[in-house]
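Start counting the sequence shown at 3; every next residue gets the next number (the working numbering).
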Amino acid sequence: MFLCTTCWDFNRCIITCILFLNLFSTSSVCYKPVVLVHGIFDKSYSLYSLMDRIGEKHPGTHVTLLDKLHGWKSMAPVWFQVKSFKKLLAPIMEENPGGINMIGFSQGGLVARALIESTNKHNVHTFISLSSPQYGQYGDDFLRIFFPGYVKESAWRFFYSKPGQMTSVGNYWRDPHHLDTFLNYSHFLPEVNNEVTTPDTIKYKRNFLKLQRLVLIGGPDDGVISPWQSSHFGVFDENEQVIPMQNTRVYKNDTFGLRTLDKQCKIVTITIPGIHHLDWHRNVSVIDDYIIPYLD
Ligand SMILES: *[C@@H]1O[C@H](CO)[C@@H](O)[C@H](O)[C@H]1NC(C)=O
Ligand SMILES: *[C@@H]1O[C@H](CO)[C@@H](O)[C@H](O)[C@H]1NC(C)=O
Ligand SMILES: *[C@@H]1O[C@H](CO)[C@@H](O)[C@H](O)[C@H]1NC(C)=O
3 MFLCTTCWDF NRCIITCILF LNLFSTSSVC YKPVVLVHGI FDKSYSLYSL
53 MDRIGEKHPG THVTLLDKLH GWKSMAPVWF QVKSFKKLLA PIMEENPGGI
103 NMIGFSQGGL VARALIESTN KHNVHTFISL SSPQYGQYGD DFLRIFFPGY
153 VKESAWRFFY SKPGQMTSVG NYWRDPHHLD TFLNYSHFLP EVNNEVTTPD
203 TIKYKRNFLK LQRLVLIGGP DDGVISPWQS SHFGVFDENE QVIPMQNTRV
253 YKNDTFGLRT LDKQCKIVTI TIPGIHHLDW HRNVSVIDDY IIPYLD
């Protein structure tokens, strides 16, 4: 389902590409380089199928996996990860003044958003958030996998503590029954959402608004992201009912630019049923139909 599609740029790019092909008969003139940010507990090769498919469909595209913080290291605090990835990202941006595209999978989508918001003069054109808990995570399925022994009702006691904040999950665990404590103690999500004021509040919004396109992909059969609508900036209210993006606080108050981007028709929201969390980046039809078309 496409809620808001801006393919104007894409069409123009295709025309330019055909012109170039005629003139120089060379391919791959017009695809921006792609940077991939992995999810939690991945292996270094997890995103290879996605990389390979982009290469097959868009020959010559330079695809880089930010190859760091795999396995248990992906549990490090998100800001630490952002700092660490930034060192890999900076030279890629510099070498490609024409801009790059970025894909973040799962937790990697949050890391990618923070990279974008915290990098002045970033040149990310399109950011594809692939089943990422953009508005936080609250659910037992996820805990069973990553924190066995914890239940959602009481996990906040650990996550909203000093040791809990030393884990990435604690940084975006959003317990709708303890929102005040979340806003007080979480050192990541309330900051990039500009739900709390930090010295960087203005900068985050300014940088986020430099995106030309934001593609939010998720689906009801994900099984890990909870609520799954968090992949579309939906969030639980205090009764654990999902508030859709347009009715959320960060959207209504345009805290970090979500409403502005949407009004500019730069947000594409895609819902795909039948995809489990671990299949998003390796299901060929997801890649071909919903990712490749946005990598211009
Ligand atoms: C949040 O922090 C403020 C100031 O430090 C404190 O007064 C308040 O009790 C805290 N609230 C919660 C729910 O922790
Ligand atoms: C939006 O911001 C205004 C001013 O900062 C505040 O008074 C209001 O409560 C906010 N609205 C929401 C829905 O958070
Ligand atoms: C990929 O996802 C589609 C649903 O969009 C599904 O029909 C198909 O079976 C999946 N393919 C594989 C190889 O899992």
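C-beta atoms are modelled at their ideal positions from N, C-alpha and C, and glycine is treated no differently.
9 Å Cβ cutoff met for residue i and residue j
i    : j    : result
V171 : F149 : yes
V130 : N103 : Note on identity: in this sequence residue 130 is Ile, with Val being the wrong assignment. Closer than 9 Å, so yes.
L90  : T66  : yes
G111 : L145 : no
I204 : I56  : no
V252 : F238 : no
G101 : K34  : yes
Y109 : L218 : Rather than Tyr, the amino acid found at residue 109 in this sequence is Gln. Not in contact: Q109 and L218 (Cβ atoms no closer than 9 Å).
S232 : G221 : no
E119 : P178 : no
V80  : F161 : no
H64  : V36  : yes
M168 : A78  : yes
R299 : L52  : Any question about residue 299 goes unanswered here, given that the chain covers just 3 to 298.
S163 : W175 : no
T121 : K88  : yes
Local Cβ density within 10 Å of residue i, reported as buried at 16 or more and exposed below that
i    : result
C32  : buried
V286 : exposed
G151 : exposed
K123 : exposed
W282 : buried
D290 : exposed
S29  : The predicted model places S29 with a pLDDT of 47, which falls under 50 and marks its position as unreliable, so this point remains unresolved.
A116 : buried
D298 : buried
Y47  : exposed
T250 : buried
E96  : exposed
E58  : exposed
D62  : A small fix is needed here, since residue 62 is Gly in this sequence, not Asp. Exposed, by the Cβ-count rule.
N173 : buried
F26  : The predicted model places F26 with a pLDDT of 48, which falls under 50 and marks its position as unreliable, so this point remains unresolved.
H278 : exposed
V288 : buried
K45  : exposed
V153 : exposed
S134 : buried
Y296 : buried
I147 : exposed
G276 : exposed
P165 : exposed
D264 : buried
Any chain D beta carbon closer than 9 Å to residue i
i   : result
G41 : Among the chains of the structure shown, chain D does not appear; only one protein chain is present.
Where are the beta strand (DSSP E) runs, 3 residues long or more, that stay fully inside the stretch 60-133, in chain order? Unbroken beta strand (DSSP E) runs of no fewer than 3 residues, entirely contained in the stretch 60-133, are found at 65-67, 102-107 and 126-132, following chain order.
At which residue ranges does the stretch 241-296 contain complete alpha helix (DSSP H) runs of 4 or more residues, listed in the order of the chain? DSSP runs (the alpha helix (DSSP H)) wholly in the stretch 241-296: 251-254 and 260-265.
Closer than 8 Å is the cut-off here; do at least three beta carbon pairs connect the stretch 148-165 with the stretch 234-250? The answer is no - the stretch 234-250 does not touch the stretch 148-165, with fewer than three Cβ pairs under 8 Å.
Evaluate contact between the stretch 177-185 and the stretch 69-88, counting only Cβ atoms and requiring at least three cross-stretch pairs below 8 Å. Contact between the stretch 177-185 and the stretch 69-88 is absent, because fewer than three Cβ pairs lie under 8 Å.
Closer than 5 Å to ligand 1: residues, by C-beta to nearest heavy atom, in chain order: D182, T183 and N186
Touching by the beta-carbon criterion (3+ pairs, under 8 Å), the stretch 257-266 and the stretch 186-198: yes
The stretch 136-144 in contact with the stretch 212-226 per 3-pair CB rule at 8 Å: yes
Any chance you could list the alpha helix (DSSP H) runs of at least 4 consecutive residues sitting entirely within the stretch 148-222, in chain order? 154-161, 170-174, 181-187, 191-194 and 203-210
Output the residues surrounding ligand 3, defined as those with a CB atom closer than 5 Å to any ligand heavy atom, in chain order. Counting every residue whose Cβ lies closer than 5 Å to a heavy atom of ligand 3, we get G276, N285 and S287.
Are the stretch 267-284 and the stretch 203-210 in contact at 8 Å, needing three or more beta carbon pairs? no
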